[in-house]
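K.L.:
In mature numbering (1 follows the signal peptide of the UniProt record, and there is no 0), the protein residues as written are -28 to -1, 1 to 344.
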């Protein structure tokens, strides 16, 4: 569920920056006789050179099993979950839709008058649905990271700073014309939450998702918090693949805000997506809308995207629902199924080759398709 970008990045690891704040791609098809999951995870460290791997797998009976690979990595430790944050944000917006406070197909202008104005950008012609669905045409703000993320490791950004970066550029396309994964959509969604509720987005997302289903190991770091709670494995990043890795465990996540700032554990990610599919967070009408998908070519063959939720086909048959995400230091891929299975895998460095990324995604497919 990470979009494959074709743009060139100067002076940086092309793949690593291309996936920044994106979802993960659809799981690669597993071999006919897949290796045991622990062996697959060990290979991510031994062959693909990820510093460490954490995984949590939930079977259809609700039993959770944790795995690790690498040195100094705790079982089910905290990780930055990147664009999985978008699903939490989308759930919060859809709850407000269910309460009659937001109209899903109403213009953003209704709630944020005058905010979206620019070259080809007009909030009067962009709907709330198009924000959550990535069909708004808004320009992407993360292009400022084209020369690397490390110069901004400790730089704080206000949400409006991020939006202003985007609005300096022209719209990517007319609203509704196509699907292009764009982080700016979810910065606007965060501002929408704040405007409609009169409360900070961090507070609303926490109350309406984390607290509602009792996720004890998930949180939205507050303003200025660059740390990770313990236990956690260290996260690493490099902008230039020819240079040594930098420890980015301490990192200013405000550059992602409601598009990718949250922290969780693999086990809690499984609990969240399972609860979502089980109807514990949204009314049936809003959950149905969330799972109504459009073609999402960037997600790989057959990729489809709903409202903050990706649908992917598994090699063993059936559909898994999730998101995944990437942020300097951590890459997560995760999904859940309607029959109760769930899996989340986190590595402590962004993939630097297509092959390495494919191997992480194959591990997710293997975890969800293992006999249980």
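We put the CB at the ideal spot given by N, CA and C, even for glycine.
1. Taking the alpha-carbon of residue 47 as reference, which of 279, 37, 54 and 150 has the nearest alpha-carbon?
2. Note down, in chain order, each residue of its chain lying with its Cβ closer than 7 Å to the Cβ of residue 146, except the 5 sequence neighbours on either side.
3. Under the DSSP definition of a beta bridge, which residues are partnered with residue 26?
4. Looking at C-alpha atoms only, which residue of 11, 39 and 54 is the closest neighbour of residue 321?
5. Rounded to the nearest angstrom, how far is the Cβ of residue 282 from that of residue 294, given a contact under 8 Å?
6. For residue 297, count the other beta carbons within 10 Å of its own beta carbon; 16 or more makes it buried, fewer makes it exposed. Which is it?
7. Residue 219 bridges to which residues according to DSSP?
8. So, do the stretch 54 to 66 and the stretch 163 to 179 have three or more beta carbon pairs nearer to each other than 8 Å?
9. With a threshold of 6 Å on Cβ separation, who are the neighbours of residue 181 within its own chain once the five nearest residues in sequence on each side are excluded?
10. Would you identify the three-state DSSP class for residue 226, choosing helix, strand or coil?
11. For the alpha helix (DSSP H) that residue 334 lies in, which residues bound it at each end?
12. Count the other C-beta atoms from every protein chain shown that fall within 10 angstroms of the C-beta of residue 71, then say buried if there are 16 or more, exposed otherwise.
13. Closer than 8 Å is the cut-off here; do at least three beta carbon pairs connect the stretch 135 to 145 with the stretch 104 to 119?
14. May I have the straight-line CA-CA distance separating residue 34 from residue 312, to the nearest angstrom?
15. Would you report the Cα separation of residue 56 and residue 316, rounded to the nearest angstrom?
16. Using the rule of at least 16 other Cβ atoms within 10 Å of the residue's Cβ for burial, across every protein chain shown, is residue 276 buried or exposed?
17. Keeping to the same chain, check which residues put their C-beta closer than 6 Å to that of residue 206; ignore five residues upstream and five downstream.
18. Which two residues bound the contiguous alpha helix (DSSP H) that contains residue 91?
19. Using 8 Å as the threshold, is the stretch 224 to 232 in touch with the stretch 147 to 162, meaning 3 or more CB pairs across them?
20. Since residue 79 sits in a beta bridge, which residues does DSSP pair it with?
21. Mind checking who residue 160 pairs with in its DSSP beta bridge?
22. Looking at the secondary structure, which residues open and close the alpha helix (DSSP H) in which residue 17 lies?
P.N.:
Taking the geometry as given:
1. Here residue 47 corresponds to residue number 75 of the chain shown, with the count starting at 1. Cα-wise, what sits closest to residue 47 is 37.
2. What you label residue 146 is simply residue 174 of the chain shown in a count that begins at 1. Counting only Cβ-Cβ distances below 7 Å, and skipping sequence neighbours, we find 109.
3. Taking the first residue of the chain shown as position 1, residue 26 is located at position 54. Per DSSP, 40 and 318.
4. Translated into the one-based positions of the chain shown, residue 321 becomes position 349. Among 11, 39 and 54, the Cα nearest to that of residue 321 is on 54.
5. The residue you call residue 282 lines up with position 310 of the chain shown. The residue you call residue 294 lines up with position 322 of the chain shown. A Cβ-Cβ distance of about 6 Å is found for the pair residue 282 and residue 294, placing them in contact under the 8 Å criterion.
6. Here the question's residue 297 lines up with position 325 in the chain shown. Taking a 10 Å sphere around the C-beta of residue 297, we find 16 or more other C-beta atoms and assign the residue as buried.
7. Here the question's residue 219 lines up with position 247 in the chain shown. Paired residues: 208.
8. The stretch 54 to 66 vs the stretch 163 to 179: in contact.
9. In the chain shown, the residue the question calls residue 181 occupies position 209. If we look at residue 181 and ignore the five residues flanking it on each side, its Cβ neighbours are 60 and 63.
10. The residue labelled residue 226 in the question sits at position 254 within the chain shown. In this structure, DSSP gives residue 226 a helical state, which the three-state scheme calls helix.
11. The sequence position of residue 334 within the chain shown is 362, counting from 1. Residue 334 -> alpha helix (DSSP H) spans 326 to 341.
12. Here the question's residue 71 lines up with position 99 in the chain shown. Residue 71 comes out exposed.
13. The stretch 135 to 145 vs the stretch 104 to 119: in contact.
14. Counting from one through the chain shown, the residue named residue 34 turns up at place 62. Counting from one through the chain shown, the residue named residue 312 turns up at place 340. Their Cα atoms are separated by approximately 7 Å.
15. In the chain shown, counting from the first residue as 1, residue 56 sits at position 84. In the chain shown, counting from the first residue as 1, residue 316 sits at position 344. Between residue 56 and residue 316, the C-alpha separation is close to 11 Å.
16. For this step, residue 276 is matched to residue 304 along the chain shown. That one is buried.
17. If you number the chain shown from 1, residue 206 lands on position 234. Sequence-distant partners of residue 206 (beyond 5 residues in either direction) whose C-beta falls short of 6 Å from its own C-beta, in its chain, are 219 and 221.
18. For the purposes of this step, residue 91 is identified with residue 119 of the chain shown, where counting begins at 1. Per DSSP, residue 91 belongs to no alpha helix (DSSP H) and is neither H nor E.
19. Yes, since at least three Cβ pairs between the stretch 224 to 232 and the stretch 147 to 162 fall closer than 8 Å, the two stretches touch.
20. As a position in the chain shown, residue 79 is number 107, starting the count at 1. For residue 79, which the question treats as bridged, DSSP gives the partners 99.
21. In the chain shown, residue 160 corresponds to position 188, counting from 1. Note: residue 160 sits in no beta bridge, so no partner.
22. Against the chain shown, residue 17 aligns to sequence position 45. Residue 17 -> alpha helix (DSSP H) spans 9 to 18.
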